[in-house]
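To keep things clear, I will list the structure first and then write my remarks on it.
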Amino acid sequence: MKVELLHHTPLNIASHAIRTCWQSFDNSDNGGEKDKELIDRVGNKFKHSSTLEHLNYNFYISGISRALLQELARHRMANLSVKSSRYTLKELKNIEPFMLDNFQRASNFITLTGVEIVDIASIKALNNLQEILKSGVSNDKAKYCLPESYKTELTWSINARSLQNFLSLRSDKSALWEIQELAHTIYKALPEEHQYIFKYNIKNSSSIHL
Ligand SMILES: Cc1cc2nc3c(=O)[nH]c(=O)nc-3n(C[C@H](O)[C@H](O)[C@H](O)COP(=O)(O)OP(=O)(O)OC[C@H]3O[C@@H](n4cnc5c(N)ncnc54)[C@H](O)[C@@H]3O)c2cc1C
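In structure tokens, the structure reads:
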């Protein structure tokens, strides 16, 4: 999987929002150490968390399974624009069928689990789907036999408060392994000077294969 940070709100917007409440703009160091400490104190420690909603992050996430997508979509305080299987399944139509032992080639289209019997079943599903598409069935009908491992991509936008919630829930070892990996990859894609805001939320997971 790949996560690219497309855009983010500078920290001084959150500190400006906080300083609005006290009208203490003159104390700002324009997103420097003083403002960073203020954001942590008010947004995290005082739990005046709505101030963190002024920080927004826009990511491009690719190479994740549709199984993961359906869990990601449960996070309502975020916005998604997802690659449409209705419009893009033709990508399978004009290529050779997949060999059951060529995991590398198949991994361009499916997320591999490392469990051979599961991964071979996904490749078979890919070949079945391809056969159906080649026979002339429309994407709208053929998509119903997509395996959950089929890869997708999306633009994902989220504010810092909701991202804290996402990272707490999804970097935990009780979450699905692939979403744990996504949570850690998203955290690493954040600007370094923003990562401290999420230090209480990100957890070390032992089961992920990063
Ligand atoms: C380990 C794990 C297992 C899971 N298993 C399942 C499962 O088996 N089946 C299943 O269906 N889901 C499952 N989920 C998904 C889970 O129930 C949540 O839908 C998902 O984690 C999104 O969390 P959220 O609601 O906090 O996030 P968001 O939807 O982003 O909401 C963020 C926060 O906003 C507030 N909020 C949002 N909407 C409302 C609302 N309508 N009313 C009040 N407050 C609101 C809440 O404080 C919420 O925490 C699982 C999640 C985890 C982490």
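If you want our numbering, it's the position in the sequence shown, counting the first as 1, plus 80. A virtual CB, placed ideally from N, CA and C, is assigned to each residue, including glycine.
So who's on the other strand from residue i, going by DSSP bridges?
i: Thr-191; result: Answer by DSSP bridge pairing: none, since Thr-191 is not bridged.
i: Lys-125; result: Its beta-bridge partners do not exist; DSSP assigns none.
i: Ile-212; result: None, per the DSSP bridge assignment.
i: Val-198; result: Paired residue(s): none; Val-198 is not in a bridge.
i: Thr-168; result: Note: Thr-168 sits in no beta bridge, so no partner.
i: Leu-234; result: Ile-141, Val-162
i: Ser-88; result: With the sequence shown as reference, residue 88 is identified as His, and Ser is not the correct amino acid for it. In the DSSP output, where bridge partners are listed per residue, His-88 has Tyr-137.
Could you tell me whether any non-hydrogen atom of ligand 1 is closer than 8 Å to the CB of residue i?
i: Phe-246; result: yes
i: Glu-151; result: yes
i: Asp-181; result: no
i: Ala-97; result: no
i: Ala-158; result: yes
i: Leu-249; result: yes
i: Ser-242; result: yes
i: Ala-205; result: no
i: Ser-254; result: yes
i: Arg-154; result: yes
Helix or strand or just coil, what does DSSP make of residue i?
i: Met-81; result: coil
i: Thr-131; result: helix
i: Thr-100; result: helix
i: Phe-105; result: helix
i: Ser-161; result: strand
i: His-274; result: helix
i: Asn-136; result: strand
i: Ser-142; result: strand
i: Ser-254; result: coil
i: Leu-290; result: In this predicted model, Leu-290 has a pLDDT of only 47, less than 50, meaning its place in the structure is not dependable; the value taken from the coordinates is given anyway. Three-state DSSP puts Leu-290 in coil, outside helix and strand.
i: Lys-204; result: helix
i: Ile-282; result: coil
i: Arg-185; result: helix
i: Arg-156; result: coil
i: Ala-94; result: helix
Looking at the secondary structure, which residues open and close the beta strand (DSSP E) in which residue i lies?
i: Lys-175; result: At residue 175 the sequence reads Ile, which differs from the Lys that was named. No beta strand (DSSP E) holds Ile-175; DSSP gives it neither H nor E.
i: Phe-246; result: Careful: Phe-246 lies outside any beta strand (DSSP E), inside the alpha helix (DSSP H) at 240–250.
i: Gly-111; result: First-last for Gly-111: undefined, no H or E at that position.
Specify, as a first and last residue, the run of the alpha helix (DSSP H) that residue i falls within.
i: Leu-180; result: Neither: Leu-180 is in no alpha helix (DSSP H) and is coded neither H nor E.
i: Asn-219; result: 219–222
i: Ile-266; result: 257–269
i: Leu-226; result: Per DSSP, Leu-226 belongs to no alpha helix (DSSP H) and is neither H nor E.
i: Arg-146; result: 146–152
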